[in-house]
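Numbering (the working numbering), first residue to last: 570 to 661.
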Amino acid sequence: MSEEFTPFDVADYLKTDNDIKIFLKEAAKTGNFSDFIHALNTAARAKGMSEVAKNAGVTRASLYKSLSENGNPRFETVAKIVESFGCKIVLA
570 MSEEFTPFDV ADYLKTDNDI KIFLKEAAKT GNFSDFIHAL NTAARAKGMS
620 EVAKNAGVTR ASLYKSLSEN GNPRFETVAK IVESFGCKIV LA
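What follows is the structure in structure tokens.
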């Protein structure tokens with residue numbers, strides 16, 4: 570008997586804005602910049618790319634490109650995306 574596995578996607582479990590904030594905070598605290606961009610991508614997929622793009626003031630295509638594996642988003646873009654989730658970038 571063979572077992573079937575379904576891919577795990579954290580985005581399926583980020584149901585509320587608070588879930589997203591906690592997820593992003595943890596990614597910022599424990600990962601590097603690349604990990605954080607990946608977390609932003611996951612959060613954007615959970616919330617809806619179109620909604621995040623609209624709230625961040627960027628196009629949907631630009632958001633996809635910025636948050637892709639090969640993306641290299643500007644700090645300004647990252648800040649807008651973070652703010653679209655109701656978060657702030659804070660230095661401690």
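Beta carbons are placed, not taken as given, at the ideal position from N, Cα and C, and that holds for glycine. Quick caveat, the model's predicted, so the values are computed rather than measured.
Tell me the residue span of the alpha helix (DSSP H) that contains residue i.
| i | result |
| --- | --- |
| ASN587 | 586-599 |
Relative to the alpha-carbon of residue i, which residue among the options has its alpha-carbon at the smallest distance?
| i | options | result |
| --- | --- | --- |
| TYR662 | GLY640, LYS594, ARG614 and MET618 | Any question about residue 662 goes unanswered here, given that the chain covers just 570 to 661. |
| ILE656 | SER637, LYS594, ARG629 and GLU573 | Contrary to the premise, residue 656 reads as Cys rather than Ile in this sequence. Selected option, being the one with the closest Cα: LYS594. |
| PHE602 | PHE654, SER653 and VAL647 | VAL647 |
| GLY640 | PRO576, PHE605, ILE658 and GLU620 | PHE605 |
Excluding the five sequence neighbours on either side, which residues of its own chain have a C-beta within less than 7 angstroms of the C-beta of residue i, listed in chain order?
| i | result |
| --- | --- |
| LEU660 | none |
| ILE658 | ALA648 and VAL651 |
Sorted by chain position, which residues of the same chain lie with C-beta nearer than 8 angstroms to residue i's C-beta, five sequence neighbours on each side aside?
| i | result |
| --- | --- |
| PHE592 | VAL579, LEU583, ALA608, THR611 and ALA612 |
Suppose you measure from the CA of residue i to the CA of residue j; what does that come to, to the nearest Å?
| i | j | result |
| --- | --- | --- |
| GLU652 | GLU573 | 39 angstroms |
| ARG629 | LYS590 | 21 angstroms |
**Asked** Which runs of the alpha helix (DSSP H) fall wholly inside the region 591-653 and span at least 4 residues, in chain order?
**Response** 602-616, 618-625, 629-636 and 644-653
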